[in-house]
Structure formats: structure tokens, C-alpha cells
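Notes follow once the structure below has been shown.
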Amino acid sequence: MCRDVGRYNRLKKSYIEMGVKTLNFATPVDKILQSGTEHNSAQIVAWHSFATCSPGISSRYSEVYGHTEVPPAHEVRRNMNEHSDSPMPESRRFAPSAEFAARSVTDAQIYDDGQGGPDFWADQSRDLLHWHTPFTQTLDWTNAPFAKWFADGQLNVSYNCLDRHVAEGRGDRVALHWEGEPGDSRSITYAELTAEVKRAANVLTSLGIQASDRVAIYMPLIPEAIVAMLAVARIGAIHSVVFGGFSAESLRSRVDDAGAKLVITADGGYRKGNVFALKPVVDEALAADGGQATVTNVLVVRRGNNDIEWHEGRDLWWHDSVDSAPTEHVAQAFPAEQPLFILYTSGTTGKPKGILHTSGGYLTQAAFTHKHVFDLHPETDIYWCTADVGWITGHTYVVYGPLANGATQVIYEGTPDSPHPGRWWEIIEKYRVSILYTAPTAIRSFMKLGAEIPNTFDLSSLRLLGSVGEPINPEAWIWYRDVIGSGTTPIVDTWWQTETGAIMISALPGITTLKPGSAQVPIPGISLDVVDDDGVSLPNETAGLLVVTQPWPSMLRGIWGDDDRFRETYWEKFGDRYFAGDGARRDVDGDIWLLGRVDDVMNVSGHRLSTAEIESSLVANPMVAEAAVVGAADETTGQAVVAFVILRASEAGKLDPAEASAVLRKHVATQIGAIARPARVYIVAELPKTRSGKIMRRLLRDVAEGRDIGDTTTLTDQNVLNLINTQVN
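Reading the sequence shown from the start, the letters are residues 282 to 1010 in this note's numbering.
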């Protein structure tokens, strides 16, 4: 009998409700897999759940497989996928409760309204935003693929996020509940945030920053980071936020590419109980060749109290400059197509792309999706998106979407497990968070720790959960709902990109019957398709490429300084349709399942990393002759960076493989940032190449994931893989 009778009975009840009435749990899983349609995915999960719960079934498993360890659920699902040409058929469904649907901010009519295309977005923009000069033009696509939305209208993004709420009597509403990692905290009202942004805007103007100038922001997740972004936007300048974990070299390349006149940073920030330096990284970046070509000042927030060098005439303390600045500042109206920000993302060439977003269209879709996807009730909800502002999720769903909608939100400086593994749940309990938006990587990390930690906190305030950054596997989805959401809370699984600016695919929680693992349907007003390599639309249950077939308001307006690359990267393949670089398929119901990147870009913990950029970093080390990098499946991070490296003949033997691996992992972290540090570096004698000299990364991915090696007939030397396998194992 099951070790945990309660769990056994709950599982049994839930699987009966899903239609799993009969299943021989002594049947080995491979037999179930081979039985085709006789057993659906719920039955596979049922088998796994009961097997891990029941000693009897574990014993039966050992008779068949020779060991007692039941495979992890993700392996069961992966095996299922290998037996099928379609994604795991997911039979579990979760309709919105009557109470949730009745209180929803919208209803199913919005999907019909969304068929109106540009007119739909015009209605949303007029409803959600304040326009200083109302627009009469909606979409201008005459110079495709360079779109213009609401081009003859004028607005101020900062005014929409701040001043209007104060003017309409919401100045006393809390905008930000900020928690520092050491335990310090601040709650800032809309009136207070508006005053601080006005002061900062006056300082920027005094430093000579004008409309369309670029300002780099390199900061921890503290309120001043958000103030800086809104102050830059307020005066019509363009911010380029660089994640605080990136290296001096990465920062320098972004500052130089954008031509930034000002860098706003902090002395340091807190992470995992320690202060990590930021200002010294800025100093190093600006000391490099070309790094000081455009930067005239560095504005520094005191946060970590760590020792820093000071450059008189260039460096300024935030508290000396901003705290004493006047709070009178009139928000000037700018054209809807005024550039708002540049955000760099990985590209297949290794050189990061400066994705350009403008004001009116971006803010329209940011506000719309934040309101409708998260069913936002700003008068009562406490919202928390756990992203850093260095990523697009932090731009759209920490800064612009929530503040445009007048939301009250939580921001947290530290990591999920610092200063203790229950920190997030402690924060939710403290502020009575009702909406939580985070990444599958975090969810899987919490799964590993078990339910005991979150179960010690009161999470009953949560009424909606969200997932972002990568596809969430059904097991993590169910755990998230059952453990964090008390078994009742809806989950919106969102798909979008830095380039799209805002959510493109998601359920609407008061309308959609939810399906674990599927992003499901385009949001109203968005038109998508799944096509083959020739651009032909594919039927359901066929894998293909995801494209956006019509322009959308928050779409990127280009790659900074490189129109040709913009056309080639996103539009060359399918002409007038945007190619996302992701594989997808629709299931039998027409719901969309994302299948991952189809180019040489990895998704690690929800962050896109270029294999070419990491390979270039490795080869820049004098030890390395050649390198190949792949993304390998990882249970926690989605993908892990795995590198295969050939050392120069002069270096071979100086260090043992483990020492060389450690040196190279550190080298990448220093060159690019800790987020790009390879999980594993294998020192090999050769790399598998075709007769034309192309490295077969597909085969290296097989090695990294421990799979049987695929077709090797095109290799110059088929023994190379045997040698690599021997070295890896």
C-alpha cells in the first residue's frame, strides 16, 4: 500500500476525474508508451505518481528494469515525446471558477473585438492611455517592416505612469513595496514616486541630457532603477538598461553601441548575502578603448556602501544631485513613435542586438496585456513580477505595464533563496500578494525543495499565477497550481520576446479553460500562424515555425543602427511575416505549444544567450584553439550551457581537464556575465564536423544530454564522437 495514504487517495480521485479509470500500474512504462493512443498523458503521469507513491509498484518496476529508482516525470514525458511526432497530449483541463469568471475584467467578446485589428488597438489605446494630442492615424505599414502606430498622436510615457494617477486622486496609493535582500524595505506612493521622478528628470536635464540622447542604466533592483527609467522617458531620452550581472566587456559594448552620454549605476547591490560591485565594473568598462567616447557623467546611487574609486568631474552621487533637485517638472508631450528604450538581446552572430521600442504602441500593448492577462483590479490587487528590470519582462511587467495601470506592486532585490529558501513566500505573506508572475526555472527550483517550505507560509492571498521566459512543463505547472496556488489558482503561461515587447500568446484567466504546458492562444488583436520552411500554413498536430502575420503595437521598430540586420533577422525568411525564431505546433484543439529555439540561441533560466557569443569568449582565451557550445536540456534551468573545447597544443597537459574546465567557466563569466557561465566544459581532442567543415552541434547536444547519437553519416571522421563520448563519460 502507498506510504502516504492521503496522497494516494488524492491522486486516485484526481485521475478518476481526468478520465483515468483503468490502468494496470504494473505495466512497465515503455509498454504504455508503445501502446499508442490506448493511454493518454494523464495516464502516464498517473503511472508515474502511483509508482513513486507505492512500494508495490516500485518493486514491480525493479523486476522489469533491474533497479528500484522510478524515473523522474520529465524523463517519462521525454520518452513519450520520442515515441510521438506530437507534443505530449495533455488531457488535464482547468476551467475558470464561476466566481473568478464573474469578477473578470473582461469576457469572451474581447476575442471578437480583437478581430478588428488596428481599430481594436486604437480603441484600447484611447481607453488605457492619456494622449496629450489624440491620434487620428492608427497603423502605417507603408514602409514595411518598419511600422508606425498612432504616429500623429503625442503623449508622455512617464506622465501616463505617474502624473495622471496623482491628478485623478490616486496619489496616496502605494506604487512600490520594495524589499531589500538584507531586510530593509520602503513603500512608495504614486505621489512620492512622481516627485522623485521629477527631481531626477531635472537632474538629467541639468547634465545636458536631451530628447533622443541615450542613457545606460546598470543597477540592482532598487527603486532608483525604476525612477531612472521613468526620468529618462519623461524627458524624451532613450534608456538602455543593462542587467547588473553582466561583465564590464558586455556593458562597454552596449554603452558604445548605443552611444550613451550618461551611465546611471550604484556602488553595489546585494545578492545571496553579499555586496556585488557595480561602480567598479562601470569604471572598467569606461576605461576600455572606445568606452569613454560618448559618456560625460556617471550618476551613482549609494546602496552597497562598498569602496569605490571616484572620478572628479565625471562621477556624481545620486543623493547629492537628486535629493535636492526641485520637484516641479512639466511632462512634455512627444510623438508616439519617439524612441523609448534600447534593450540588447542575444543574436546568432554573437553580437548582441539593440532592440528598439518606441512609446505609444509599446505602452498601449504593455498596459492592455498587463490588465487583461493578469485580470488586474488595481484597487485591490497586490502584484509581483519577480523579473529584474535588466530584462524585457522587467521593462514591461515591472515598470511600464503595472504603473500605466495604477497597480500596487512588490519588487525584491535578492534571489529566491536568500537569505533563506522561504524568502519569496515570506514576502507574499507580508504584503498579501494576489498576483505572482515568475519563471519556470524558479518554479522548478522550488519543486526540488518540496512543498514543506511554502506550506509554512500563508499564501491564501494568491488568486492568479503567471509563468514567463520559457515553456513550463506540465508537472511544474501542476505543482505551481497545487502547492503555491492551493489547487485552485489559475495559471497564465505567457509567450513573448524582447522583440515583441509584450505578451503575444496567453490564456485570459477569466475566459480560457487552462491546459498545463500550453501557452494556448494569441491574445486578442494578435494574429499568429505555424508554417513550414516555405511559409505554408500547417494543420494542427504538425510541428513548424511560429510567425506573426500582422503588425502589432508593441513590435520592435528595428535594431539600433542596423536596419539591414533587422530585415535579415526577422523578415527575410517570410517576407511580410515576422519570424520569431521559435518552433511551435498547434494541438488537436488548436492550442499552441512552443517547441524552443530553432536557431543557435539558447534559453537559460528564461534568458536568451547566443552560442556564438559564448564560443567567441572561449576562443578568446589563449588556452583554447576551438570551441563549440550547445544548449542541453536541464531540469531546473530549461537549458544549460555546455561547451566542448579543444586546447591549443602548447597548452595541452598544463592543466588537468577539471582544472582547465574551471578556468574556462570563470573566463566566460568574467567576459560575458555569470548568467552565461557554462554548466559543463568538456576538454576534447576533436569536434565532430561535416566534410564541409561545419560543426555538428546537434550531435554534441545528443552527447550532452546522454542520448543515443543520431545520424553520423555526414561526418568526416565518425570515430570522433566515440572519443568524445569516452572523454565525457
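Idealized CB from N, CA, C, for every residue including glycine.
Inset, instruction - Along the alpha helix (DSSP H) that carries Glu853, what are the first and last residues, could you check? - result: Working through the sequence shown from its first residue, we reach residue 853 at position 572. From DSSP, Glu853 is part of no alpha helix (DSSP H); its letter is neither H nor E.
Legend entry - Three-way DSSP call (helix, strand, coil) for Met883 in this model: Here residue 883 corresponds to residue number 602 of the sequence shown, with the count starting at 1. In this structure, Met883 counts as strand in the three-state DSSP scheme.
Inset, instruction - Specify the secondary structure class of Ser767 as computed by DSSP and reduced to three states. - result: Numbered from its first residue, the sequence shown carries residue 767 at position 486. In this structure, Ser767 counts as coil in the three-state DSSP scheme.
Legend entry - Neighbourhood of Pro903 by C-beta distance below 8 Å, restricted to the same chain and skipping five residues each side: Within the sequence shown, the letter at position 622 stands for residue 903. Excluding residues within five positions, the ones whose Cβ falls inside 8 Å are Arg929 and Glu932.
Inset, instruction - Grab me the residues of Arg982's own chain with a C-beta within less than 7 Å of its C-beta, minus the 5 sequence neighbours each way, in chain order. - result: For the purposes of this step, residue 982 is taken as the residue at position 701 of the sequence shown. Within the same chain, Arg982 has close Cβ partners Val911 and Ala913.
Legend entry - Short Cβ contact (9 Å threshold) for Leu717 with Asn686: Reading the sequence shown from its first residue, position 436 is the one you call residue 717. Reading the sequence shown from its first residue, position 405 is the one you call residue 686. Their beta carbons are not under 9 Å apart, which means Leu717 does not touch Asn686 by this criterion.
Inset, instruction - Give the straight-line distance between the Cα atoms of Leu936 and Pro959, rounded to the nearest whole angstrom. - result: Looking up residue 936 in the sequence shown gives position 655. Looking up residue 959 in the sequence shown gives position 678. Going from the Cα of Leu936 to the Cα of Pro959 covers about 18 Å.
Inset, instruction - Buried or exposed for His701, please, with buried defined as at least 16 other CB atoms from any protein chain shown within 10 angstroms of its CB. - result: Residue 701 sits at position 420 when you count from the first residue of the sequence shown. Exposed, because fewer than 16 other Cβ atoms sit within 10 Å of the Cβ of His701.
Legend entry - Proximal residues to Tyr625 (C-beta, below 6 Å), its chain only, five neighbours per side dropped: For the purposes of this step, residue 625 is taken as the residue at position 344 of the sequence shown. So the qualifying residues of the chain are Arg535, Pro633 and Gly635.
Legend entry - Cβ pair Phe622, His676 closer than 9 Å: For the purposes of this step, residue 622 is taken as the residue at position 341 of the sequence shown. For the purposes of this step, residue 676 is taken as the residue at position 395 of the sequence shown. Result yes, Cβ atoms of Phe622 and His676 sit closer than 9 Å.
Inset, instruction - Quick one: measure Cβ to Cβ for Met500 and Val582, integer angstroms, because I've assumed they're closer than 8 Å. - result: As a position in the sequence shown, residue 500 is number 219, starting the count at 1. As a position in the sequence shown, residue 582 is number 301, starting the count at 1. Rounded, the Cβ-Cβ distance is 7 Å, consistent with contact.
Inset, instruction - May I have the straight-line CA-CA distance separating His600 from Lys542, to the nearest angstrom? - result: Walking along the sequence shown from the start, residue 600 turns up at place 319. Walking along the sequence shown from the start, residue 542 turns up at place 261. Approximately 20 Å, taken between the alpha carbons.
Inset, instruction - Answer yes or no: do Arg281 and Leu637 have a C-beta to C-beta separation smaller than 9 Å? - result: The requested residue 281 is not part of the displayed model; the chain covers only 282 to 1010.
Legend entry - Selection from Gly395, Asn578 and Val691 that minimises the alpha carbon distance to Val496: Locating residue 496 in the sequence shown gives position 215, counting from the first residue. Here the closest residue by C-alpha is Asn578.
Inset, instruction - Assess, as a yes-or-no matter, whether the stretch 733-740 is touched by the stretch 702-716 under the definition of 3 or more beta carbon pairs within less than 8 Å. - result: yes
Legend entry - Local Cβ density within 10 Å of Arg467, reported as buried at 16 or more and exposed below that: Residue numbering aside, residue 467 sits at position 186 when the sequence shown is read from its first letter. Per the 10 Å Cβ criterion, exposed.
Inset, instruction - Please list the segments of the beta strand (DSSP E) lying wholly inside the stretch 633-704, counting only runs of 3 or more residues, in order along the chain. - result: 634-639, 663-666 and 689-693
Inset, instruction - Apply the 10 Å Cβ neighbour rule to Asn1010 and answer buried if 16 or more other Cβ atoms are within range, or exposed otherwise. - result: Along the sequence shown, one-based indexing puts residue 1010 at 729. It is exposed - the Cβ of Asn1010 has fewer than 16 other Cβ atoms within 10 Å.
Legend entry - Beta bridge counterpart(s) of Arg866 as assigned by DSSP: Taking the sequence shown and counting its residues from 1, the one referred to as residue 866 is at position 585. DSSP output for Arg866 lists Trp874 as bridge partner(s).
Inset, instruction - Determine the contact status of Gly782 and Ser835, defining contact as a CB-CB distance below 9 Å. - result: Looking up residue 782 in the sequence shown gives position 501. Looking up residue 835 in the sequence shown gives position 554. Cβ atoms of Gly782 and Ser835: closer than 9 Å.
Inset, instruction - Compute the distance between the beta-carbons of Val879 and Leu819, then report whether it is under 9 Å. - result: As a position in the sequence shown, residue 879 is number 598, starting the count at 1. As a position in the sequence shown, residue 819 is number 538, starting the count at 1. No, they are not a contact pair.
Inset, instruction - Name, in chain order, the residues that DSSP records as bridge partners for His274. - result: Because residue 274 is not part of the residues shown, which for the chain are 282 to 1010, the question remains open.
Inset, instruction - Identify, in the order they occur along the chain, each residue of the same chain with its Cβ nearer than 8 Å to the Cβ of Gly954, setting aside the five sequence neighbours on each side. - result: Position 673 of the sequence shown, counted from the first residue, corresponds to residue 954. Around Gly954: Phe524, Gly526, Phe527, Ser528 and Ser531.
Legend entry - Whether Ser891 touches Gly919 by CB criterion (9 Å): Translated into positions along the sequence shown, residue 891 becomes position 610. Translated into positions along the sequence shown, residue 919 becomes position 638. No, the pair does not count as a contact, with Cβ atoms beyond the cut-off.
Legend entry - Distance, Asp570 Cα to Gln405 Cα: Position 124 of the sequence shown holds residue 405. Position 289 of the sequence shown holds residue 570. Computed Cα separation, rounded: 47 Å.
Legend entry - Member of Leu730, Gly434 and Val691 whose CA lies at the smallest distance from the CA of Thr417: To locate residue 417, count along the sequence shown from 1; it is residue 136. Measuring from the Cα of Thr417, the nearest candidate turns out to be Gly434.
Inset, instruction - State whether the stretch 752-766 contacts the stretch 722-730, with contact taken as three or more CB pairs (one from each stretch) at a distance under 8 Å. - result: yes
Inset, instruction - For Glu363, I'd like the list of residues in its chain whose CB is within less than 6 Å of its CB, leaving aside the five on either flank, ordered along the chain. - result: Here residue 363 is taken as the residue at index 82 of the sequence shown, counted from 1. Note that Glu363 scores 35 on pLDDT, short of 50, meaning its location in the model is unreliable; the coordinates nonetheless yield the value given after this. The answer is none, since no qualifying residue turns up.
Legend entry - Inter-residue Cα distance where the pair is Ile507 and Phe431: Numbered from its first residue, the sequence shown carries residue 507 at position 226. Numbered from its first residue, the sequence shown carries residue 431 at position 150. Roughly 26 Å between the two C-alpha positions.
Inset, instruction - Classify Thr674 as buried or exposed, calling it buried when 16 or more other Cβ atoms lie within 10 Å of its own Cβ. - result: Reading the sequence shown from its first residue, position 393 is the one you call residue 674. Classification of Thr674: buried, given that the 10 Å Cβ count is 16 or more.
Inset, instruction - Put Tyr346 into one of helix, strand or coil per three-state DSSP. - result: Residue 346 sits at position 65 when you count from the first residue of the sequence shown. Per-residue confidence for Tyr346 stands at a pLDDT of 30, beneath the threshold of 50, marking its modelled position as unreliable; the derived number appears in the next sentence. Of the three classes helix, strand and coil, the one that applies to Tyr346 here is helix, per DSSP.
Legend entry - Proximity to Glu780 [Cα-Cα], best of Tyr643, Asp662, Tyr712 and Ala648: Against the sequence shown, residue 780 aligns to sequence position 499. Of the listed residues, the one whose Cα sits closest to Glu780 is Tyr643.
Legend entry - Rounded separation between Gly452 and Cys442 - CA only: As a working note, residue 452 is residue 171 in the sequence shown. As a working note, residue 442 is residue 161 in the sequence shown. Each residue's alpha carbon lies about 12 Å from the other.
Legend entry - Span of the beta strand (DSSP E), counted from its first residue to its last, around Phe557: The sequence position of residue 557 within the sequence shown is 276, counting from 1. Asn555 to Ala558 is the extent of the beta strand (DSSP E) around Phe557.
Inset, instruction - Return the CA-CA distance between Gln619 and Arg858, expressed in angstroms with no decimal places. - result: Here residue 619 refers to the residue found at position 338 of the sequence shown. Here residue 858 refers to the residue found at position 577 of the sequence shown. Rounded to whole angstroms, Gln619 to Arg858 spans 24 Å at the Cα level.
Inset, instruction - Go to Arg946, then tell me how far its alpha helix (DSSP H) extends in each direction, as first and last residue. - result: For this step, residue 946 is matched to residue 665 along the sequence shown. Arg946 -> alpha helix (DSSP H) spans Pro938 to Gln952.
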